[in-house]
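Undergrad: This is the structure, below, for whatever I ask next.
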Amino acid sequence: MPLNQPSASATVIVGTQFGDEGKGKLVDYLSSKYDIVVRYQGGANAGHTICFDNKTLVLHLIPSGIFHEGCICVIGNGVVIDPNALLEEIRQVEAMGYDVRDRLFISHNAHLIMPYHKLLDSLHESAQNDKKIGTTGRGIGPSYMDKFARKGIRVVDLLNPEVLEEKLRDNLEAKNKLIKNIYDTEEIDVEAIVREYSEFDEIINPYVKNTQLFLNKKLREGKTVLLEGAQGCLLDVDHGTYPYVTSSNPTSGGASTGSGIAPNYIRNVIGVCKAYMTRVGNGAFPSELFDETGDKLGRIGHEFGATTGRKRRCGWLDLVALRYSLIINGVTEIALTKLDVLDAFEEVKVCTSYMLDGKEIVDFPTDDQTLSRVEPVYRTLKGWNTSNAEARTFEDMHPDSRAFVHFIEEETGVPVSCISVGPGREETVFR
Ligand code: GDP
Ligand code: IMO
Ligand code: MG
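Read left to right, the sequence shown gives residues 1 to 431 (my numbering).
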């Protein structure tokens, strides 16, 4: 067999909107069918909720396959890891009775989030007046800044205390200048950080691996890999609503660079799409609702951030944005989530195009200035006013809710292969 001919395949799960589409639930559900689940970008800004056996847990860094004992979980090179947040999460999962030690591997090339990244994240945000991004405050942007400035500290550095200390002192000297002179804030205690981080080597060592080579080896052996995106296409630093984005590539292209899995192994891309839309943080959101309907979506959908607890902004499903996401990610099938949230509406609206300066447009403008000026054009569909929560087959679902699904398929040209009708693992319809 030629060396680079994939014998097995990888599937990517991506958010097609502004994050929080229900990726965690779907990855957990699908993990029973995959050998390995990989996070490839972002960090603890993600909050992926998993509900099963009357338990609910939010994962921020550990891949959502961890509750399936046969599944190996990998935190890839593209992720930025806060070691304290990771160890806390490992403790939580272990406390639920799951073995993590021999099933979780962390890329030696992944970059770390240091206390100064979190501090700079909040100082930078506080210094903005009306241009705050509304970050999660988890130090994501500043950590990726160091990565691309080639100043970052990586997981592998934790295993070499002398190298770590030297890099920490260099970084802290530069950051403290910034913290003191630009932000007029108390400097970080260098010795305390050096002490704290020097102690991570033994704790983190059992998890560290060259995950890039490990994943490629497993694929060649015929294993299957699920790549779990965090955030969503519209928050992608290249393809999202810049500058109101995160600092990584949640899109399917990022799955390859963030894991080391070559693109030719990726066969399927599942685009996760909420049946309506939410956004946390700032930035344009054409179909946002500021009325009782928006409040109702938020109330029924419990739309509060899984990481920060912030209230999520709510609006109708936007097909202009969705069609764009499907193209950018090469989505082969859609997983439609939270359809049950629409169960109690007399009518359901879907944005099909925008008006911009008196003209109808169908292409999604990604610059925030233009996007904040568009007016959504809606198609109104009949509501079904009936609960779909018990549906387990497409035929079980109310005909008007099936018409809603067909409408999305016709408008996008992509099949909806999975419909989620509740937060629980089993509350899922496959077609
Ligand atoms: P993620 O970041 O994409 O994994 O999504 P989050 O976990 O941040 O947000 C999704 C929220 O919706 C969580 O509270 C889930 O438990 C919940 N959820 C997921 N799928 C469904 C669904 O089909 N119906 C309902 N009602 N809730 C869902
Ligand atoms: P999951 O994986 C929703 C948003 C923040 C902010 C912007 C930048 O759970 O879908 P950052 O802290 O990344 O620098 O913040 O991105 N954001 C998310 N919104 N879901 C997420 O993750 C998010 N991660 C970041 O609210 O607007
Ligand atoms: Mg989330």
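Where is the CB? At the ideal position from N, CA and C, for every residue including glycine.
To which residues of the same chain is Lys-382 closer than 7 Å at the C-beta, ignoring the five residues directly before and after it?
TA: Within the same chain, Lys-382 has close Cβ partners Glu-347, Asp-400.
Undergrad: Flag Asp-367 as yes when its Cβ comes closer than 8 Å to any non-hydrogen atom of the ligand GDP, and as no otherwise.
TA: Asp-367: no, Cβ never under 8 Å from the ligand GDP.
Undergrad: Could you check which residue in Asp-291, Phe-52, Tyr-265, Gly-47 has the C-alpha nearest to that of Glu-89?
TA: Of the listed residues, the one whose Cα sits closest to Glu-89 is Gly-47.
Undergrad: Buried or exposed: Pro-142, going by 16 or more other Cβ atoms within 10 Å of its Cβ?
TA: Pro-142 should be labelled buried.
Undergrad: Do the stretch 145-160 and the stretch 197-208 make contact, defined as three or more Cβ pairs closer than 8 Å?
TA: Enough Cβ pairs lie closer than 8 Å, so yes.
Undergrad: Rounded to the nearest angstrom, what separates Leu-342 and Leu-297 at their Cα positions?
TA: Near 8 Å, if we compare the C-alpha coordinates of Leu-297 and Leu-342.
Undergrad: Quick one: give me the first and last residue of the beta strand (DSSP E) that Asn-268 is part of.
TA: Residues 266-274.
Undergrad: Return the first residue and the last residue of the alpha helix (DSSP H) that His-302 is part of.
TA: Premise fails: His-302 is in no alpha helix (DSSP H) and is neither H nor E.
Undergrad: Measure the C-alpha to C-alpha separation of Leu-172 and Glu-186 and round it to an integer number of angstroms.
TA: The alpha-carbon atoms of Leu-172 and Glu-186 are separated by roughly 13 Å.
Undergrad: Quick one: any contact between the stretch 130-147 and the stretch 278-287, if contact means 3 or more CB pairs under 8 Å?
TA: They touch, by the three-pair rule.
Undergrad: In its own chain, which residues sit with a C-beta less than 8 Å from the C-beta of Asp-121, not counting the 5 before and 5 after it?
TA: Excluding sequence neighbours, Asp-121 sits near Thr-135, Gly-137, Arg-138, Gly-139, Ile-140, Gly-141, Pro-142.
Undergrad: Return yes when at least one heavy atom of the ligand IMO lies under 8 Å from the C-beta of Arg-138, else no.
TA: Yes - the ligand IMO has a heavy atom lying nearer than 8 Å to the Cβ of Arg-138.
Undergrad: Compare the C-alpha of Gln-212 against each of Ser-248, Thr-241, Glu-202, Gly-258 and name the closest.
TA: Out of Ser-248, Thr-241, Glu-202, Gly-258, Gly-258 has the C-alpha closest to the C-alpha of Gln-212.
Undergrad: Confirm the yes/no value for this check: CB of Pro-432, any heavy atom of the ligand GDP, distance under 8 Å.
TA: Lying before the first or after the last residue shown, residue 432 is absent from the chain, which here runs from 1 to 431.
Undergrad: Report yes if the C-beta of Lys-23 is less than 8 Å from at least one heavy atom of the ligand MG; otherwise report no.
TA: Yes, since a heavy atom of the ligand MG falls inside the 8 Å radius drawn around the Cβ of Lys-23.
Undergrad: If I follow the unbroken alpha helix (DSSP H) through His-117, where does it start and stop?
TA: Start and end: 115-127.
Undergrad: Opposite His-111 in the DSSP bridges: which residues?
TA: Val-80, Arg-154.
Undergrad: Per DSSP, Cys-51 forms a beta bridge with which residues?
TA: According to DSSP, which records beta bridges pairwise, Cys-51 is partnered with Thr-56, Gly-424.
Undergrad: Taking its Cβ as the centre, do 16 or more other Cβ atoms sit within 10 Å of Thr-393, making it buried, or is it exposed?
TA: Under this definition Thr-393 is an exposed residue.
Undergrad: Of all the alpha helix (DSSP H) runs that stay within the bounds of the stretch 130-215, which reach a length of 4 or more residues?
TA: Fully enclosed alpha helix (DSSP H) runs of 4 or longer: 140-148, 155-158, 161-177, 190-198, 200-204.
Undergrad: Using the three-state DSSP reduction, which class does Tyr-354 fall into: helix, strand or coil?
TA: Strand, per DSSP.
Undergrad: Which residue marks the beginning of the alpha helix (DSSP H) containing Arg-402, and which one marks its end?
TA: Element bounds for Arg-402: 399-412.
Undergrad: Just tell me which of Val-79, His-406, Phe-105, Gly-301 has its CA closest to the CA of Leu-215.
TA: Checking every option, the nearest Cα to that of Leu-215 belongs to Phe-105.
Undergrad: Can you name the residues that DSSP bridges to Met-277?
TA: Beta-bridge pairing links Met-277 to Gly-315.
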